[in-house]
Amino acid sequence: MNSNNISELVLLQAHELAERIRLRQVSCREVMQTYLAHIERFNPLVNALISLQSPENLLAQADERDAELTRGEYRGWMHGLPHAIKDLSLTQGIRTTLGSPLYKDFVPERDGIMVERIKAAGAIIIGKTNTPEFGLGSQSYNPLFGATACAYDPSKTAGGSSGGAAAALAMHLVPVADGSDMMGSLRNPAAFNNIFGFRPSQGRVPFDDSADLFFDQLGYEGPMARSVRDAALLLSVQAGGDARAPLSIAESGEAFAAPLGRDFKGTRLGWLGDFNGYLPMEQGLLSLCEKTFGDFESLGCHVESVEPGFAPERLWSSWRTLRHWMVAGSLGATYADPQKRALLKPEAIWEVENGLKLSASEVFAASVVRSDWYRAISRLFEKYDYLLLPSAQVFPFDKSQPWPTSIEGVAMDTYHRWMEVVIPGTLSGCPVANVQAGFNSQGLPMGLQIIGKHQADFAVLQLAHAYEQASRWFQRCPSPLLGQ
1 MNSNNISELV LLQAHELAER IRLRQVSCRE VMQTYLAHIE RFNPLVNALI
51 SLQSPENLLA QADERDAELT RGEYRGWMHG LPHAIKDLSL TQGIRTTLGS
101 PLYKDFVPER DGIMVERIKA AGAIIIGKTN TPEFGLGSQS YNPLFGATAC
151 AYDPSKTAGG SSGGAAAALA MHLVPVADGS DMMGSLRNPA AFNNIFGFRP
201 SQGRVPFDDS ADLFFDQLGY EGPMARSVRD AALLLSVQAG GDARAPLSIA
251 ESGEAFAAPL GRDFKGTRLG WLGDFNGYLP MEQGLLSLCE KTFGDFESLG
301 CHVESVEPGF APERLWSSWR TLRHWMVAGS LGATYADPQK RALLKPEAIW
351 EVENGLKLSA SEVFAASVVR SDWYRAISRL FEKYDYLLLP SAQVFPFDKS
401 QPWPTSIEGV AMDTYHRWME VVIPGTLSGC PVANVQAGFN SQGLPMGLQI
451 IGKHQADFAV LQLAHAYEQA SRWFQRCPSP LLGQ
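All letters in the sequence shown, in the order written, are residues 1 to 484 by the UniProt record's numbering.
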C-alpha cells in the first residue's frame, strides 16, 4: 500500500497512532493534515464521510490539542484523533440529518452522551458518517447524500445502517468509528467491509438521544474498528453508567482498556448456522463461515452444531411487532403531518402504519416472546460458552438496489427480511461481535457473529481478539481501492 503514497500514519492501528501522539512523536496537526489529505483522495470512492468540517477549523482544534500536550494536559487515548460521528447521533454544532430531508438543516444544540464522551477523551470531530434515512435498512443510502459503497467493490453497498462508518474504516479515513445497531447495524456493514463491529450488551453504552428512556431497548450504540483492540479501547470511552440513561449499566468502561489475551483451550462454541434451513442464504455463504472453524479450533475451541430449541418464526413475529411499535413511536408525529409524510421513504411509512394498528396487548405479547427467547438462549449458554452464526444472509449487493427482494429464489416479504439472521442477537440483549470470515470468489467480504452470555462483553472481545490473531483477515486483505 505504501507504494501508492499512502501515509504510514493512516495505516497505523488507532492505539498505535494514539501512542505516537501521547509521546509527541507526531503532532496532532500533522495527524489531522495527513488524514484530511487521505480523505480528500479516497472518500469520493466510497462516499462514507459527510458534513465534513472546514480544514481551518479542524487544524485550529488540532493546534489546541498540541498546546494541551505542551502544557502537560492529556485527555486520554483519543487525544487529537480525527473522528466522525454516525449521522444518527446528536452532535452539537454539526449538522445531524438522520439521512432525512426533514432534518437536512438540523444542527443539534447538545451532544448525545456517547459524543460527549468521545469529545472529552480528546477526539476532534471532523464530520459525520453516512447512514440510511432514520437508520432504517441495512443499506446506507438517502436522498441527501446518496449511497455509501463497499470498500471492496464500489458498485456494491457498504451495508447499514453504520455503512459510512464501516467503509470509512476499511478505507483508513478514520482511526476508529462509532455506530449503532438495532437490526445488525454494527454487524452487517462490518461484515460487508472486512472490519470488526461490536454490539454491546443492553445498557452498556448509555443513550439519551431519544424522547423515551425506558421502552426503547432494541438499538444500542457501540464501537467499530480495524482491530478488536481498537474497538475495545473505543468502548472503554463509550461505556459506563450515566444518570441521564436510567437503564444503563453502572460498571465503568475502564475495564475494556485491559489486555485482551486469554487461553481458549476447551471453549465450547455452538454453531446456529441457518437455523436448520429456516434462513435462506446466498450460495457459498454458509460454507465460507464454516471455514472459520479451523481458526477457532487452532485456539483450542470446540465447535459443534446446535439446535436453538426455539421456533424462529416466533422471533420474527416478535421483532416485527416491537420494531413497528418503536418506529411508530418515534416517527408517528411526522407521519401525522401530510407534508412531512411526503418526505418519508416508503419503508418508514410502512413501519409507522403497521405500528399504529397495534394494541397494547400485542406489544406486551411480543415482549413476552422476546423474554422467552432470552430464557432459551440462556439455556444454550449452560452448554456453550459462545454461539456463532453468519452476520448476513447475502454478500454485498448492488448499491442501486434498495434491498434484496429474494435470496436463492426465496422471496423477501419485507425490506429487512434478508437480515433476519441478526434478530437472535438483537432480541437477546446479549453482546454480539462481527468478526471477519473471509471472501467469496468475487472478492466480496462476509462476517461471522459471536454471541456472548449476558453482559459478558469483555469475554466476547477476548474471543474475537484471539480469532483475529489466528485469521488476520484485515491485515491480509486490505481494500483494493487503496491501490487506486
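Glycine included, each C-beta is placed from N, C-alpha and C at the ideal position.
Since this is a predicted model, take the numbers as computed values, not measurements.
By the CB criterion at 9 Å, G294 and A466 fall outside the cutoff.
Residues L288, K291, M446 and W473 of the same chain have their beta carbon placed closer than 7 Å to that of G438, with the five preceding and five following residues left out of the count.
According to DSSP, residue pairing for T157 in a beta bridge involves A149. In terms of CA proximity to F264, L463 leads the group I21, L463, R24 and Q25. The alpha carbon of V174 has as its nearest neighbour, out of L380, M32 and L90, the alpha carbon of M32. Take the alpha-carbon of I450 and the one of D337: they are about 42 Å apart. A buried status is given to F381, since no fewer than 16 other beta-carbon atoms sit within 10 Å of its beta-carbon. Nearest to F256 by C-alpha distance, out of V327, L358 and L235, is L235. Annotation: the continuous alpha helix (DSSP H) that includes H465 extends over D457 to S471.
Cβ neighbours of A147 within its own chain (closer than 6 Å, five residues either side excluded): Y141 and K399.
By the C-beta density criterion, D66 is buried, having at least 16 other C-beta atoms within 10 angstroms. Burial check for L356: the Cβ neighbour count within 10 Å stays below 16, so the residue is exposed. Pairing A245 with A62, the inter-Cα distance amounts to about 31 Å. In the three-state DSSP reduction, W403 falls in the coil class, being neither helix nor strand. Here G179 is not near S248, since their CB atoms are 9 Å or more apart. Two segments are said to touch when three or more pairs of C-beta atoms, one from each, lie closer than 8 Å; by this definition the region 269-282 does not touch the region 325-340. G438 is bridged by DSSP to M446. Taking all protein chains in view, the Cβ of A243 is surrounded by fewer than 16 other Cβ atoms within 10 Å, so the residue is classified as exposed.
If one requires a minimum length of 3 residues, the beta strand (DSSP E) runs lying completely within the region 346-417 are 386-390, in chain order.
Counting C-beta atoms within 10 angstroms of its own C-beta, S361 has fewer than 16 neighbours from the protein chains shown and is therefore classed as exposed.
Within its own chain, the residues whose Cβ lies closer than 6 Å to the Cβ of R95, once the five positions on either side in sequence are excluded, are S51 and V107, listed in chain order. Counting every other CB atom within 10 Å of its CB across the protein chains shown gives F198 a total of 16 or more, marking it as buried.
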